[in-house]
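Residue numbers (our numbering): 210 to 412. Encoded as structure tokens, the structure appears first; notes follow it.
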């Protein structure tokens, strides 16, 4: 009885631990599964996710100079759609270098969220306009934390978070630009497994 109880307890503990690790890894991805590419993926991949009933979001990351009236700063820009993030928490605040609160979604068109250190670097306050490319956008919030910041080439500068619908107006994305497209999907474990198995051979 003691042996069986011990094995059962350990099995349950390991199962709970595995579930917790999977949940935590999903929060670091901002999704359950992500397709990352330097170019847009074929529509059939996202269309099949819709057929399965998965939730979807999209991000686009690139490096760019951003400008205030007097200063300029090399930054890591990420554009997100209205569904981002699917997992994890996006935390913002009204002032730099504080804990902040959870936001339901990303910035709306016409606005950007700046990482705390960008405010002194650009010498701007909340509500002032900064330029991303040829487009002026309002720095409406302080970005404290994003679930999928990660690392790599496109995370070398302080973060600027913007709405995907503002990207074209900036004029920053040109032929030859180094871009990272990320397609985020979330749903139940069986559906995610089915989608992954279907999508991998088609990438």
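Even for Gly, the Cβ is constructed at its ideal location relative to N, Cα and C.
| said: Under 9 Å, Cβ to Cβ, is there at least one residue of chain D near residue 374? | reply: The chain labelled as chain D is not found in the depicted structure, where only one protein chain is given.
| query | Would you report the Cα separation of residue 219 and residue 212, rounded to the nearest angstrom? | reply | Taking the first residue of the chain shown as position 1, residue 219 is located at position 10. Taking the first residue of the chain shown as position 1, residue 212 is located at position 3. Each residue's alpha carbon lies about 11 Å from the other.
| field | residue 293 burial status per 10 Å Cβ neighbour count (16 or more: buried) | value | For the purposes of this step, residue 293 is taken as residue 84 along the chain shown, with counting starting at 1. Residue 293 is buried by the Cβ-count criterion.
| Cα-Cα separation, residue 317 to residue 368 | Here residue 317 corresponds to residue number 108 of the chain shown, with the count starting at 1. Here residue 368 corresponds to residue number 159 of the chain shown, with the count starting at 1. If you take the alpha carbons of residue 317 and residue 368, they lie about 16 Å apart.
| residue 379: buried (16+ other C-beta within 10 angstroms of its C-beta) or exposed? | Indexing the chain shown from 1 puts residue 379 at position 170. In this structure residue 379 is buried. Its beta-carbon is surrounded by 16 or more other beta-carbon atoms within 10 angstroms.
| field | Sequence-distant residues of its chain with Cβ nearer than 6 Å to residue 233 (five each side left out) | value | On the chain shown, residue 233 is found 24 positions in, with the first residue counted as 1. Interpretation of residue 233 is limited by its pLDDT of 48, a score under 50 that renders its predicted location unreliable; no figure is taken from the coordinates.
| query | What is the rounded straight-line gap between the Cα of residue 269 and the Cα of residue 221? | reply | Here residue 269 refers to the residue found at position 60 when the chain shown is read from its first residue. Here residue 221 refers to the residue found at position 12 when the chain shown is read from its first residue. Between residue 269 and residue 221, the C-alpha separation is close to 40 Å.
| Residue range of the unbroken beta strand (DSSP E) whose run includes residue 355 | Translated into the one-based positions of the chain shown, residue 355 becomes position 146. Run containing residue 355: none; DSSP gives neither H nor E here.
| said: Taking the beta strand (DSSP E) that residue 395 belongs to, which residues open and close that run? | reply: Residue mapping note: residue 395 aligns to position 186 of the chain shown, counting from 1. For residue 395, the enclosing beta strand (DSSP E) starts and ends at 389-395.
| Exposed or buried, which one is residue 334 when buried takes at least 16 other CB atoms within 10 Å? | On the chain shown, residue 334 is found 125 positions in, with the first residue counted as 1. So residue 334 ends up on the exposed side.
| request: Look at the alpha carbon of residue 280 and the alpha carbon of residue 340, and state the distance between them as a whole number of angstroms. | output: Counting from one through the chain shown, the residue named residue 280 turns up at place 71. Counting from one through the chain shown, the residue named residue 340 turns up at place 131. C-alpha separation (whole angstroms): 10 Å.
| message | Is the separation between the beta-carbon of residue 303 and that of residue 350 shorter than 9 Å? | response | For this step, residue 303 is matched to residue 94 along the chain shown. For this step, residue 350 is matched to residue 141 along the chain shown. Yes, these two residues count as a Cβ contact at 9 Å.
| Alpha-carbon spacing of residue 374 relative to residue 287, whole angstroms | By one-based count along the chain shown, residue 374 stands at place 165. By one-based count along the chain shown, residue 287 stands at place 78. Roughly 12 Å separates the two Cα atoms.
| request: Would you kindly report the start and end of the unbroken beta strand (DSSP E) that includes residue 288? | output: For the purposes of this step, residue 288 is identified with residue 79 of the chain shown, where counting begins at 1. Unbroken beta strand (DSSP E) run through residue 288: 281-289.
| Considering residue 412, what are the terminal residues of the beta strand (DSSP E) in which it resides? | Numbered from 1 along the chain shown, position 203 holds the residue referred to as residue 412. Note, residue 412: premise wrong, no beta strand (DSSP E); not H, not E.
| message | For residue 251, tell me which candidate among 396, 398, 385, 390 has the shortest Cα-Cα distance. | response | Position 42 of the chain shown holds residue 251. Of all alpha-carbon atoms in 396, 398, 385, 390, the one lying nearest the alpha-carbon of residue 251 is that of 390.
| Residues of its chain near residue 217, where Cβ-Cβ distance is below 7 Å and the 5 sequence neighbours each way are ignored | Residue numbering aside, residue 217 sits at position 8 when the chain shown is read from its first letter. Cβ neighbours of residue 217 beyond the five flanking positions: none.
| said: Let's test the definition: count the other Cβ atoms within 10 Å of the Cβ of residue 313 and tell me whether it reaches 16, buried, or not, exposed. | reply: The residue labelled residue 313 in the question sits at position 104 within the chain shown. It counts as exposed.
| said: Within 8 Å, do at least three Cβ pairs link the stretch 254-264 to the stretch 390-409? | reply: They touch, by the three-pair rule.
| task | Determine the DSSP secondary structure at residue 217, reduced to helix, strand or coil. | result | Here residue 217 is taken as the residue at index 8 of the chain shown, counted from 1. Residue 217: helix per DSSP, three-state reduction.
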